[in-house]
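The opening position of the sequence shown corresponds to residue 3 in this note's numbering, with each subsequent residue numbered one higher. By construction, the Cβ of each residue, glycine as well, lies at the ideal position given by its N, Cα and C atoms. Being a predicted model, the structure only gives us computed values, none of them experimental.
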Amino acid sequence: MTDQATEAGRDTEPDIPGKPTSASRTTLSHIMTHSDTNLLGTVHGGVIMKLVDDAAGAVAGRHSGGPAVTASMDEMVFLEPVRVGDLVHVKAQVNWTGRTSMEVGVRVLAERWNESTPPTQVGSAYLVFAAVDADGKPRRVPPVMPETDRDRRRCQEAQIRRTHRLARRRAIRELRERRAAEGFED
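Right, here's the structure in full:
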């Protein structure tokens with residue numbers, strides 16, 4: 003699922019060799035402390051979101067071979083509370099690439115400090131990053147090369163999310179234009 007601008011752009015630019023999903027996959031781990039807690043005594047969602055963005059940014063930069071900036075975060079889901087003392091693992095990988103952007107999928111796992119059980123998934127998110135050059139202008143990214151059936155499924159799902167993001171953005175823009183034409187102020 004590519005748009006016409008992407009197709010046209012790829013026809014006039016030299017090919018960039020693709021990179022397998024495993025080339026940029028990473029895990030960031032962090033022990034949660036009292037300074038990470040909210041008023042309920044569990045880890046603040048914003049702390050987890052920062053770890054998610056940090057891990058996803060590392061993956062995006064690694065995959066694109068340079069700086070990449072967060073363009074959006076989709077579907078940040080918190081499944082279980084994280085507590086002080088938990089060792090949190092944030093696992094990230096590139097799911098899909100466009101011409102200058104890429105979707106990074108992130109899973110958040112927590113190991114309870116006082117239990118000898120396997121890590122529990124406590125959250126997940128999808129982020130879109132844009133690769134930029136030294137002047138902050140978009141630059142091309144290598145295509146991602148899914149290696150496993152799971153990677154291929156993630157790539158297909160990422161394309162669906164992209165289609166939905168673009169459709170939602172278009173629908174909102176059209177609504178605002180219609181309202182402006184009708185004389186409504188926003």
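Under three-state DSSP, which class holds residue i?
| i | result |
| --- | --- |
| Lys52 | helix |
| Ile33 | strand |
| Arg171 | helix |
| Leu177 | helix |
| Ser24 | helix |
| His91 | strand |
| Asp5 | Residue confidence is low: Asp5 scores 43 on pLDDT, short of 50, so the model does not pin down where it sits. Its coordinate-derived value is still stated next. Reduced to three states, the DSSP call for Asp5 is coil. |
| Asp135 | coil |
Between the Cα of residue i and the Cα atoms of the options, which residue gives the shortest distance?
| i | options | result |
| --- | --- | --- |
| Gly63 | Ser37, Leu42, Arg141, Thr122 | Arg141 |
| Asp135 | Gly68, Met147, Ile50 | Gly68 |
| Pro145 | Val45, Arg172, Ser103 | Ser103 |
| Ile18 | Pro120, Met147, Ala127, Glu176 | Met147 |
| Ala94 | Leu129, Val86, Val71, Glu82 | Leu129 |
| Gly43 | Ala132, Val86, Ala57, Val96 | Val86 |
| Phe189 | Glu159, Cys157, Trp98 | Outside the shown range of the chain (3 to 188) lies residue 189, about which nothing can therefore be said. |
| Asp88 | Gln161, Ala173, His36 | His36 |
So is residue i buried or exposed if we call it buried at 16+ other beta carbons inside 10 Å?
| i | result |
| --- | --- |
| Lys21 | buried |
| Arg181 | exposed |
| Glu105 | buried |
| Trp115 | exposed |
| Ile33 | exposed |
| Gly100 | buried |
| Thr137 | The question names Thr, yet the displayed sequence has Asp at residue 137. It counts as exposed. |
| Leu168 | exposed |
| Gly48 | exposed |
Quick one: residues in its chain with C-beta nearer than 6 Å to the C-beta of residue i, no 5 flanking neighbours on either side, listed in chain order?
| i | result |
| --- | --- |
| Ala60 | Thr28 |
| Val124 | Leu81, Glu82, Val84, Val110, Ala112 |
| Ser26 | Val61, Arg64, His65, Val96 |
| Ala70 | Ala62, Gly63, Phe131, Ala133 |
Keeping to the same chain, check which residues put their C-beta closer than 7 Å to that of residue i; ignore five residues upstream and five downstream.
| i | result |
| --- | --- |
| Gly51 | Before going on, a small fix: residue 51 reads as Met here, not Gly. Correct list, in chain order: Met78. |
| Glu149 | Pro22, Thr23, Ser24 |
| Arg154 | Pro148 |
Leaving aside the five residues before and after residue i along the sequence, list all residues of the same chain whose C-beta is less than 8 Å from its C-beta, in chain order.
| i | result |
| --- | --- |
| Asp55 | Thr72, Met75, Leu129 |
> At what residue ranges does the segment 100 to 128 contain a whole run of the alpha helix (DSSP H), taking only runs of 4 or more?
Replying inline: Along the length of the segment 100 to 128, whole alpha helix (DSSP H) runs at least 4 residues long do not occur.
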